[in-house]
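Presented below is the structure to which this report refers.
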Amino acid sequence: MSPTLVILLVGSCVAAACALVGCFLVLREMALLGDAISHAVLPGIVVAFLITGERSPLPMVIGAGIVGVLTVFLVEISNRTRRLQEDASIGVVFPALFALGVIMISRWAGQVDLDLDCVLYGEIAYAPWDTLMLGDRPIGPKALWVNGVILAINLFFVLGFYKELKLTTFDPALAMTLGFAPTALHYLLMTLVSVTVVCAFESVGAILVVAMLVVPPATAYLLTERLSRMLVVAVVSGVLSAVLGYLLAHRLDASIAGAIAVVAGVLFLLAFLASPRHGLIAKLARYRRVRIATAERLLLAHLHNGQGGLSTGQIAQRFRWRPGFARRVIDRLSGREWIVDRDGLRLTSTGEAVIEATGQKELRHRPAPELGPI
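If you read the sequence shown in the numbering used here, its first letter stands for residue 539, the second for the next number, and so on.
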């Protein structure tokens, strides 16, 4: 298997695995949890080193995974006090655990090169040469095996508990009423997030994991309003980011993880701008349509109330419109034959009928006035 193919497969597995659980983090407003875990696992690394006396990757990952789960538990406990919001709970817990890890290093491992960069944060470019051994026989890149298994677990979890995850994410109170266990499912999901993050850190590095955990789900969130489609779009966006990011890094001779994260950001920016429903361009277009429609109704009502005979310039000055905008509104109404410019702007019979119909419709939908005591 070529190194390029290994890097693409590892990046795609990490992107897909992170996107599957990241969608629920975004929907539950816990998107910062991945970044929090990346800092909070330091005490677990120190404890694993103190117990084993060596910097073997497996004990480090196990120690980091345990503290990652502890981080999730502490965040949830803090949030359940109802005194702190979710983001505040995350902001309180992970600096405390990270500071605890720093103190432990300075106290018991001050002479050892021990930090997250040297024992946990990997580099995806090295993945093809870090081989997993089965006895004396190599069976392939370790990062591909680890992240492939994590992807399979996440996919099985999401498919197996899709209805429960959907219900507990959008309406946990209803889920509890129907006999589900939203708290247990929440802890199971957060445990899976912690394991996914820690295992992916050791394989591909922190930048890529945090980016894939948040950016593709956020991109999908802008493009669809159905959870099933959001999961698919998030996975596709993550895999596309991995492939295009590798090509960009190869072209620029730059960091692969950094390039993948940049491409993911670019895809999010495109969705933010061009999303059919939530994109900035669509919102500006809707604002423009509403603004013009409001101006048209205002002008028709003004002419209907006996204020005809005004010129375009006088209309612009009276309503404080720019001349170009006033001309656009008048042209649209003239094109419908609702107004005519004969010694000034005046309503046509069609325009009068539109005004009457609109007024009667609004009157029908207007609530009846409340009568006071007689």
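For each residue, glycine too, the CB sits at the ideal point set by N, CA and C.
In the three-state reduction of the DSSP assignment, Pro679 falls in the strand class, which pools E and B. Here Gly560 is actually not in contact with Pro720; their C-beta atoms are around 19 Å apart, not less than 8 Å. Taking C-alpha positions only, Ile575 is separated from Ala665 by approximately 22 Å. Partner residues in the beta bridge of Thr669, as assigned by DSSP, are Pro679. Annotated three-state conformation of Asp879 is strand, per DSSP.
Of all C-beta pairs linking the region 771-778 to the region 713-732, fewer than three are shorter than 8 Å, placing the two stretches out of contact. Between Leu635 and Pro581, the C-beta spacing is below 8 Å. A distance below 8 Å between beta-carbons, with the five flanking residues on each side excluded, links Val892 to the following residues of its chain, in chain order: Leu838 and Trp876.
When the alpha-carbon of Arg856 is set against those of Asp869, Leu871 and Ala833, the nearest one is in Ala833. In this structure, the CA atom of Ile643 is about 15 Å from the CA atom of Ala602. In this structure, DSSP gives Leu612 a helical state, which the three-state scheme calls helix. Annotation for Phe708: the continuous alpha helix (DSSP H) segment containing it runs Tyr700 to Phe708. In the structure shown, the three-state DSSP call for Leu622 is coil.
Exclusion of the five residues before and after Ala820 leaves Ser813 and Pro814 as the residues of its chain whose Cβ lies within less than 7 Å of its Cβ.
Within the DSSP bridge table, the entry for Arg884 names Val878 as partners. For a cut-off of 8 Å, the C-beta gap from Leu682 to Val548 is around 5 Å, short enough to register as a contact.
Each of Arg620, Lys680, Leu670 and Arg866 was checked against the Cα of Arg826, and the nearest Cα belongs to Arg866. Taking C-beta atoms under 8 Å as the contact rule, Ala569 and Val631 fail to qualify, at a distance of about 15 Å. Counting other Cβ atoms within 10 Å of its Cβ, Glu740 reaches 16 or more and is therefore classed as buried. If you draw a straight line from the Cα of Tyr759 to the Cα of Ser766, it is about 11 Å long. Inter-residue distance for Gly889 and Arg858 is about 23 Å (C-alpha atoms, whole angstroms). Residue burial is scored here from C-beta neighbours: Lys680 has at least 16 other C-beta atoms within 10 angstroms and is therefore classed as buried.
Each residue's CA atom was taken as its position, placing Gly606 and Leu836 some 59 Å apart.
Taking the Cβ atoms as the reference, Ala799 lies roughly 4 Å from Ala749, within the contact range of under 8 Å. DSSP places Gly549 in the uninterrupted alpha helix (DSSP H) bounded by Pro541 to Leu565. Judged by their CB atoms, Phe718 and Thr729 are not nearer to each other than the 8 Å cut-off. Separation of Arg824 and Ala831 (C-alpha to C-alpha, rounded to the nearest whole angstrom) is 10 Å. The C-beta distance from Leu883 to Leu841 rounds to 6 Å, short enough to meet the 8 Å contact threshold.
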